[in-house]
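*Asks:* Structure incoming, see below.
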Amino acid sequence: MEPFSINLNQMEERGGRYKRYLLTLGIIFIVISVISFLLLHKKEGTSLWVFLPIVIYILLFIYFAYVGYKTKTFINGDDHALEYQFGFFKKVPEKIIWQTLSKVKLGPTYITFTKRTGKKKTIQIGWLPYAKVKDIKSKVQEICNEKGIEVAVAEYTKA
């Protein structure tokens, strides 16, 4: 079995969009800050406390912009395990070891791994582009077939 790696960052495709999004949010923030300052600066003693939320907002904005831009999301698979990292704040990837699995269910927007102990682990992949969802599901199904793990494919049907 050949190992695979799927990069989910898509910064190559959305780098400009993300920067424009941050720039737009920054401009909106500046406009709201100026308007609130102009409205509140005439009142006695209110001009100082207006700056505290502005400073806090700027610091949080810079932090989330940096973390969001530098986040690494991926799915890697090999003979031993499936390793993935999705979260905004997660620094350590999660692993699912193939030998511990009894069944895998491939849904339209999720993959559920059932362990031999009966515990289930569901990975939501509906937020990814359709091409990547198809790629991930086909790779997982290929590995499961090689390892002899039961695969159930759930079809989407309208009620």
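Each residue of the sequence shown is one higher than the one before, starting from 1399 at the first, in the numbering used here. Just so it is clear, CB atoms sit at the ideal spot from N, CA and C, and this is done for glycine as well.
1. Can you name the start and end residues of the alpha helix (DSSP H) that Val1502 belongs to?
2. Could you tell me if Phe1467 is buried or exposed, where buried requires 16 or more neighbouring beta carbons within 10 angstroms of its beta carbon?
3. Among Lys1489, Gly1485, Phe1484, Lys1493, whose alpha-carbon lies nearest the alpha-carbon of Gly1475?
4. State the beta-bridge partners of Ser1403 as determined by DSSP.
5. For the region 1541-1554 and the region 1422-1442, state whether three or more C-beta atom pairs, one from each stretch, are separated by less than 8 angstroms.
6. In whole angstroms, what separates the C-alpha of Ala1529 from that of Gly1516?
7. Do you know whose CA, among Ala1479, Gly1546, His1439, Phe1472, lies nearest Gly1485's CA?
8. Please report the Cβ distance between Ile1547 and Lys1501, rounded to the nearest whole angstrom; I am assuming they are in contact, meaning their Cβ atoms lie under 8 angstroms.
*Replies:* Considering the structure as presented:
1. For the purposes of this step, residue 1502 is identified with residue 104 of the sequence shown, where counting begins at 1. No alpha helix (DSSP H) holds Val1502; the beta strand (DSSP E) holding it covers 1499-1504.
2. Within the sequence shown, the letter at position 69 stands for residue 1467. Looking at the sequence provided, one finds Tyr at residue 1467 rather than Phe. So Tyr1467 ends up on the exposed side.
3. The count along the sequence shown starts at 1 and reaches residue 1475 at position 77. Looking at Lys1489, Gly1485, Phe1484, Lys1493, the one whose alpha-carbon comes closest to that of Gly1475 is Lys1493.
4. In the sequence shown, residue 1403 corresponds to position 5, counting from 1. Ser1403 pairs with Asn1474.
5. At 8 angstroms Cβ cutoff, the stretches do not touch.
6. The residue you call residue 1529 lines up with position 131 of the sequence shown. The residue you call residue 1516 lines up with position 118 of the sequence shown. C-alpha separation (whole angstroms): 31 angstroms.
7. By 1-based counting over the sequence shown, the position of residue 1485 is 87. It is Phe1472 whose Cα lies nearest to the Cα of Gly1485.
8. Here the question's residue 1547 lines up with position 149 in the sequence shown. Here the question's residue 1501 lines up with position 103 in the sequence shown. Indeed they touch by this definition, with Cβ atoms about 7 angstroms apart.
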